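Residue numbers (UniProt numbering): 1 to 219.
These notes are about the structure you will find just below.
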């Protein structure tokens with residue numbers, strides 16, 4: 001673990017940053033306490049101040065580490081951002097892939113949208129960084145994330161397209177419809193708070209019903 005020397009001469013551990021969402025859970029397995037603390041701190045800093053306005057000192061100070069501690073685990077501040085954005089997109093995609101593609105296409109799209117919205121609500125701070133700080137990534141890192149975003153869109157486009165082909169949806173333009181559905185989850189990261197009145201799963205169900213109306217679902 002990365003540590004700095006305490007006044008007594010012994011190493012001091014990284015201090016966990018309280019997250020206002022489930023950010024810490026994204027790096028629960030296979031990640032050291034210090035790295036997890038740095039990432040959660042970076043999520044909070046990037047979300048509140050933006051990537052460019054955040055310094056490495058901002059990130060490390062929040063977890064009681066020296067400024068140089070970040071470079072033991074990451075090559076740069078941008079590398080920290082890439083880890084956050086890549087992981088966020090991978091976990092959001094995993095949430096969709098976990099939905100079984102079987103049975104009624106209307107129910108399948110309902111599950112996809114509900115899961116998409118609930119994930120973005122539950123991890124809204126990470127999702128905010130994923131959406132608003134994407135342009136700060138280096139080209140090679142941006143390309144990795146773009147491929148994940150394309151897989152994300154393709155999955156939902158396939159589901160909506162299949163439903164349209166069998167008459168379950170009445171939608172004139174599948175691509176535009178899918179962009180609208182994706183925006184349901186993406187837009188809420190601007191305003192969502194876990195201490196508010198909207199439970200992530202309940203919000204997911206509500207938005208899924210809206211999505212089916214948008215698609216002209218047969219029922």
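C-beta: ideal position from N, C-alpha, C; glycine also.
The structure presented is a predicted model; accordingly, all values stated were derived computationally and were not measured.
Looking at residue 203 and residue 117, is the spacing between their C-beta atoms short of 8 angstroms? yes
Is the CB-CB distance between residue 160 and residue 171 below 8 angstroms? yes
What distance in whole Å lies between the Cβ atoms of residue 119 and residue 136, which are believed to be in contact at a cut-off of 8 angstroms? Rounded, the Cβ-Cβ distance is 23 angstroms, inconsistent with contact.
Cβ-based burial, residue 197 [other Cβ within 10 Å; buried from 16]: exposed
Check whether the region 125 to 133 touches the region 40 to 48, taking contact to mean three or more Cβ pairs, one atom from each stretch, closer than 8 angstroms. yes
Starting from the Cα of residue 185, find the closest Cα among 208, 84, 83 and 174 and give me that residue. 208
Just curious, the alpha helix (DSSP H) that residue 207 is in, first and last residue? 200 to 214
What are the start and end residues of each continuous alpha helix (DSSP H) run of 4 or more residues lying completely inside the UniProt domain "HTH tetR-type" (32 to 92), in chain order? 33 to 49, 56 to 61 and 70 to 73
Suppose you measure from the CA of residue 194 to the CA of residue 133; what does that come to, to the nearest Å? 22 angstroms
Are there three or more Cβ pairs, one per stretch, closer than 8 angstroms when the region 77 to 84 is compared with the region 175 to 183? no
Taking all protein chains shown into account, do 16 or more other C-beta atoms lie within 10 angstroms of the C-beta of residue 216, making it buried, or fewer, making it exposed? exposed
Hey, could you find the ends of the alpha helix (DSSP H) residue 115 is sitting in? 105 to 122
Can you list, in chain order, the residues of its chain whose CB lies under 6 angstroms from that of residue 87, leaving out five sequence neighbours each side? 26
Could you give the DSSP three-state label for residue 25: helix, strand or coil? helix
What first and last residue would you give for the alpha helix (DSSP H) that runs through residue 185? 174 to 187
Is DSSP giving residue 97 helix, strand or coil here? helix
For residue 168, does the three-state DSSP call read helix, strand or coil? coil
Pull up the distance between the alpha-carbon of residue 71 and that of residue 36, whole angstroms please. 14 angstroms
Give me the residue from 181, 141, 147 and 166 with the minimum Cα distance to residue 83. 141
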